[in-house]
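Those sequence lines, one after another, are chains A, B and C. Throughout, the numbering used here is defined as the position within the first sequence, counted from one, plus 21. Throughout, the numbering used here is defined as the position within the second sequence, counted from one, plus 21. Throughout, the numbering used here is defined as the position within the third sequence, counted from one, plus 21. Glycine included, C-beta positions come from ideal geometry on N, C-alpha and C. For clarity, every value in this text was computed on a predicted model and none was experimentally measured. Below is one structure, written out as structure tokens; the observations come after it.
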Amino acid sequence: MAAAPILARRIARSGVLPLCCRPPSWDRAPRQPPGLPLAPCRAFSNNKIQVELDESSGVAMMKFKSPPVNSLSLDFLTEFSISLEKLENDRACRGVIITSTIPKIFSSGLDIMEMCGKNVEHYGEFWRAVQEMWLRLYGSNMVTVAAVNGSSPAGGCLIALSCDYRIMAENPKFSIGLNEAQLGIVAPFWFKDTFVNVVGHRIAERSLQLGSLHPAPEALKLGLVDELVPEEKLLEKASAVMARWLALPDHARQLTKSMMRKAVLDHLVAHREEDIKNFINFISKESIQKSLRMYMEMLKKKKS
Amino acid sequence: MAAAPILARRIARSGVLPLCCRPPSWDRAPRQPPGLPLAPCRAFSNNKIQVELDESSGVAMMKFKSPPVNSLSLDFLTEFSISLEKLENDRACRGVIITSTIPKIFSSGLDIMEMCGKNVEHYGEFWRAVQEMWLRLYGSNMVTVAAVNGSSPAGGCLIALSCDYRIMAENPKFSIGLNEAQLGIVAPFWFKDTFVNVVGHRIAERSLQLGSLHPAPEALKLGLVDELVPEEKLLEKASAVMARWLALPDHARQLTKSMMRKAVLDHLVAHREEDIKNFINFISKESIQKSLRMYMEMLKKKKS
Amino acid sequence: MAAAPILARRIARSGVLPLCCRPPSWDRAPRQPPGLPLAPCRAFSNNKIQVELDESSGVAMMKFKSPPVNSLSLDFLTEFSISLEKLENDRACRGVIITSTIPKIFSSGLDIMEMCGKNVEHYGEFWRAVQEMWLRLYGSNMVTVAAVNGSSPAGGCLIALSCDYRIMAENPKFSIGLNEAQLGIVAPFWFKDTFVNVVGHRIAERSLQLGSLHPAPEALKLGLVDELVPEEKLLEKASAVMARWLALPDHARQLTKSMMRKAVLDHLVAHREEDIKNFINFISKESIQKSLRMYMEMLKKKKS
Chain A
22 MAAAPILARR IARSGVLPLC CRPPSWDRAP RQPPGLPLAP CRAFSNNKIQ
72 VELDESSGVA MMKFKSPPVN SLSLDFLTEF SISLEKLEND RACRGVIITS
122 TIPKIFSSGL DIMEMCGKNV EHYGEFWRAV QEMWLRLYGS NMVTVAAVNG
172 SSPAGGCLIA LSCDYRIMAE NPKFSIGLNE AQLGIVAPFW FKDTFVNVVG
222 HRIAERSLQL GSLHPAPEAL KLGLVDELVP EEKLLEKASA VMARWLALPD
272 HARQLTKSMM RKAVLDHLVA HREEDIKNFI NFISKESIQK SLRMYMEMLK
322 KKKS
Chain B
22 MAAAPILARR IARSGVLPLC CRPPSWDRAP RQPPGLPLAP CRAFSNNKIQ
72 VELDESSGVA MMKFKSPPVN SLSLDFLTEF SISLEKLEND RACRGVIITS
122 TIPKIFSSGL DIMEMCGKNV EHYGEFWRAV QEMWLRLYGS NMVTVAAVNG
172 SSPAGGCLIA LSCDYRIMAE NPKFSIGLNE AQLGIVAPFW FKDTFVNVVG
222 HRIAERSLQL GSLHPAPEAL KLGLVDELVP EEKLLEKASA VMARWLALPD
272 HARQLTKSMM RKAVLDHLVA HREEDIKNFI NFISKESIQK SLRMYMEMLK
322 KKKS
Chain C
22 MAAAPILARR IARSGVLPLC CRPPSWDRAP RQPPGLPLAP CRAFSNNKIQ
72 VELDESSGVA MMKFKSPPVN SLSLDFLTEF SISLEKLEND RACRGVIITS
122 TIPKIFSSGL DIMEMCGKNV EHYGEFWRAV QEMWLRLYGS NMVTVAAVNG
172 SSPAGGCLIA LSCDYRIMAE NPKFSIGLNE AQLGIVAPFW FKDTFVNVVG
222 HRIAERSLQL GSLHPAPEAL KLGLVDELVP EEKLLEKASA VMARWLALPD
272 HARQLTKSMM RKAVLDHLVA HREEDIKNFI NFISKESIQK SLRMYMEMLK
322 KKKS
């Protein structure tokens, strides 16, 4: 398997890197989160996500491994943000490939259990974690490549949309999209902004209103993903794409990325508390809770 | 004819619906015009427009029937806005299909007679009616599908652009576009904003500067319309598309639509009086009046 | 050769045109630079650029002729801005076709010599000249057609992007793009805005981050250029396109163009001094100077 060389070079060395070792480009790096102390980081793992950094290439492989469907629970989101932060702060890491170990699923999106029958404090904490994940991923200084090896609805789609490049397995059974409207809920404005930045206003308007899940070939046609490859070549291709992006000087690439994404990132940063309040109000409504319960019932029936 | 079942179910029942019958989703409905009393509404008609509501599907069929070319006169615009308002306030109506009874013409756009040789008051009243029509249609909570069964220049194109979905008869003799520049006049900023939201900045810039009228196949290629079907299948197709859009929960779809269109709607609302003044100033200029007279002469010669 | 009729009609008449001769449409012309006195202008030339105006068609042919690669030096930019201003103020001129006399090169972009090893005053003067050129070209009232008859990286690409229409020789060896990131530098926000207006956000984000130079066929596919023609037909085609654009009334076309480009032009006008300061700070950094020196070394090696 062509991706093997990368996976083989698992490295667990963990020298703590003093801040002064970071190359000059990082100092001016836009959106670099002010810092936790730099943690040792070559390979790490938790219940939800496994990360391996190939020191020679500077590329981390991040694999979602939270059965059954990589739901974005509060725990998952927290681990995801911590993993991104660790890599962001690791001078040896310049790019990350995000994929899944679960067959047929990249990520099923926000965990409905976190939005159903909980109290207001929980909803607030959960939504803050969703925001945090997106701010880190969409604003990352690293090159981010999504290797979408399964279906990727709602929040799963957002993760893919937030990367620099999206490669999807060319299986028409895998679909991707912001299908919130189908559940009776509404994608927040920053999901929408991220979507519009990728596919343009018209495609976003239609797809969001219909809550469309686009099969891989359609997703390619709409520009929702950048290319399709056979599933067994997905990681190999992701590594090749990553190498091409890493051929550019980090500093210029990072400033360019920041210039392109700043307006949309700033928009959420400026309205973060308001957005949390809106989410709490919306999700606490009995009509919405009922919609979500119905949706969960439907999912249960599908399974059995 | 496949559209027959829908057309056959013409209903003229007219129970007055008390406000409290409106489903909860309408209460929070964005852009719901504050209300005229709810009028009885199942089928209604005036000199310009005929409307029939199929109660079982919740879909209204709205047909322009103002010979010779469905010009958007002050009377037409007023009737159009009133019809939209009636449907918007009718709890039984969830979507509207807009089409024409005039062969080969969807709508020829703003009535030049209203802009030529009239006084300042008239220009102001006329322009306010154009704005009103667009604010109601572009901001409608209903699903709006344009079944473009003929040519659709200028204001006719705007009506199509303001719907959620555009289906056009696949006749290359039918064309559509914002061709104002050809008449020596300029599409106002909100025509432009609506256009950019559909086809993107580049296509809009070029098409507006050239005042292009795009034949149906080209309109499809540019994304100006969403699909082409043989003319005899147009209403059948429109009904099928409508059914797909109505499969979504109203509330989530409406909030999503509002999120996508709010910026552009708010822009006009915030500058409405200024926009009217600009129109009056522009249209009152002798050079513009001369252009319009020349254009009308040309049209007359074409006819004879 | 089909372009011959236009080139043959070289006119050097130079009647000084009083201001009152300008047609009314010019009076309200947006972005018309407040005025230098109207200079005699039918054909003029300098060391860098040759201009010929065909009085009968109202079309000027502007040819870059600064060997070896039409670098945008301070001198070149100054001559370019002056030439544009002369044409803009000449009532006989309604459109300009921009092309190159240098084989295989349209323009190689900003002259790196102007950005390397100079003092702060020089950097400031240079950057102001770059801004000036773009403000005049992107905001021109004339119809501007780029006949891209060779490669066109960075600032060369910006010139093409700033025109109303781009025709490129269909030679896959010719490439075009904003490749600044490859040099370790960052395209300023108004290069980015111009690019986004042409190709949309997604394509711009990817292309700018990778510093891509797109071969002509790819540039067409991305919408970066509007059409490809065999090199020997380039000027003929440019003249035909120009004639189509000039068929529209000037006044309506100019107001429409201004409406489409105003936001982006205003953005630079409002931040011009800040943008100059940013450029000076950035380009004065030793790390950036080193990148540029390395790039120049690489170019030298390529030549030998």
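Exposure of residue i, with buried meaning 16 or more beta-carbon neighbours within 10 Å
i: P61(C); result: Model confidence at P61(C) stands at a pLDDT of 44, short of 50, so the residue's coordinates are unreliable and nothing is read from them.
i: L57(B); result: Caution is warranted here: a pLDDT of 46 is assigned to L57(B), below 50, making its placement in the model unreliable, and the coordinate value is therefore given only provisionally. By the 10 Å Cβ count, L57(B) comes out exposed.
i: K278(B); result: buried
i: K213(A); result: buried
i: N200(B); result: buried
i: E318(A); result: exposed
i: N68(B); result: exposed
i: D287(A); result: exposed
i: C42(B); result: Its pLDDT being 28, under 50, C42(B) is placed unreliably by the model, and the measurement read from it follows with that caveat. C42(B) comes out exposed.
i: K84(A); result: buried
i: S77(C); result: exposed
i: R265(C); result: exposed
Proximal residues to residue i (C-beta, below 6 Å), its chain only, five neighbours per side dropped
i: I301(A); result: V141, Y144, G145
i: A21(B); result: This structure leaves residue 21(B) out entirely; chain B is present only between 22 and 325.
i: M189(B); result: V169, A237, V246, L249
i: S92(A); result: S129, D132
i: C137(A); result: L313
i: F65(B); result: V72
i: A240(C); result: I197, V246
i: F195(C); result: G171, S172, A237
i: A181(C); result: A167, V169, S173, R187
Cβ-heavy atom distance, residue i to the ligand ADP, below 7 Å
i: E106(A); result: In terms of ligand content, the structure shown is empty, and the ligand ADP therefore cannot be addressed.
Residue i in three-state terms, based on DSSP
i: S196(A); result: strand
i: G171(C); result: strand
i: R149(A); result: helix
i: M281(B); result: helix
i: G177(B); result: helix
i: S66(C); result: strand
i: F127(C); result: coil
i: L249(C); result: strand
i: M82(C); result: strand
i: E307(A); result: helix
i: V164(A); result: strand
i: E76(B); result: coil
i: V141(B); result: helix
i: S312(C); result: helix
i: S260(C); result: helix
i: L269(A); result: coil
i: V290(B); result: helix
i: S121(A); result: strand
i: S87(C); result: coil
i: Q94(C); result: For the record, residue 94(C) in the displayed sequence is Ser; it is not Gln. Coil at S94(C), not helix or strand.
Own chain, CB closer than 7 Å to residue i, minus 5 neighbours either side, in chain order
i: G4(B); result: With chain B running from 22 to 325 in the structure shown, residue 4(B) is simply not present.
i: L95(B); result: E135, E146, F147, A150
i: I126(C); result: V90, N91, G171, S172
i: W155(C); result: L179, S183, W211
i: S161(A); result: L105, E109
i: M163(C); result: L108, E109, C114, R115, G116, V117
Chain-order list of residues whose beta-carbon lies under 8 Å from that of residue i (same chain, five-residue window excluded)
i: P153(C); result: What sits at residue 153(C) in the sequence shown is Glu, not Pro. Result list for E153(C): L98, S102, in chain order.
- Message: Against chain F, which members of the region 207-218 of chain C pass a CB distance test of less than 8 Å?
- Response: Here the protein chains are A, B and C, and chain F is not one of them.
- Message: Can you pull out the residues from the region 262-281 of chain C whose beta carbon lies closer than 8 Å to at least one beta carbon of chain B?
- Response: Per Cβ criterion, the list reads R265, W266, L269, P270, H272, A273, R274, L276, T277, K278, M280, M281.
- Task: Using a Cβ-Cβ cut-off of less than 7 Å, give me the residues of the region 112-139 of chain B that come near chain A, in sequence order.
- Result: Listed by position along the chain: nothing, the set is empty.
- Message: Closer than 7 Å between beta carbons: that is the criterion. Which residues of the region 235-257 of chain B meet it against chain A?
- Response: Against chain A - using a Cβ distance shorter than 7 Å - the residues of the region 235-257 of chain B are G244.
- Message: Against chain C, which members of the region 179-191 of chain A pass a CB distance test of less than 9 Å?
- Response: Those residues of the region 179-191 of chain A that come within reach of chain C (Cβ to Cβ, closer than 9 Å) are D185, Y186.
- Contained alpha helix (DSSP H) runs [length at least 4] in the region 184-247 of chain A, N- to C-terminal order: If only uninterrupted alpha helix (DSSP H) runs of at least 4 residues are considered, those enclosed by the region 184-247 of chain A are 210-220, 222-231, 237-243.
- Item | Interface positions of the region 219-235 of chain B facing chain A (Cβ-Cβ less than 8 Å), listed along the chain | Listed by position, the residues of the region 219-235 of chain B near chain A (Cβ gap below 8 Å) are V219, V220, G221.
- Query: When you check each C-beta in the region 194-206 of chain A against every C-beta of chain B, which residues fall closer than 9 Å?
  - Reply: Against chain B - using a Cβ distance shorter than 9 Å - the residues of the region 194-206 of chain A are E201, A202, Q203, L204, G205, I206.
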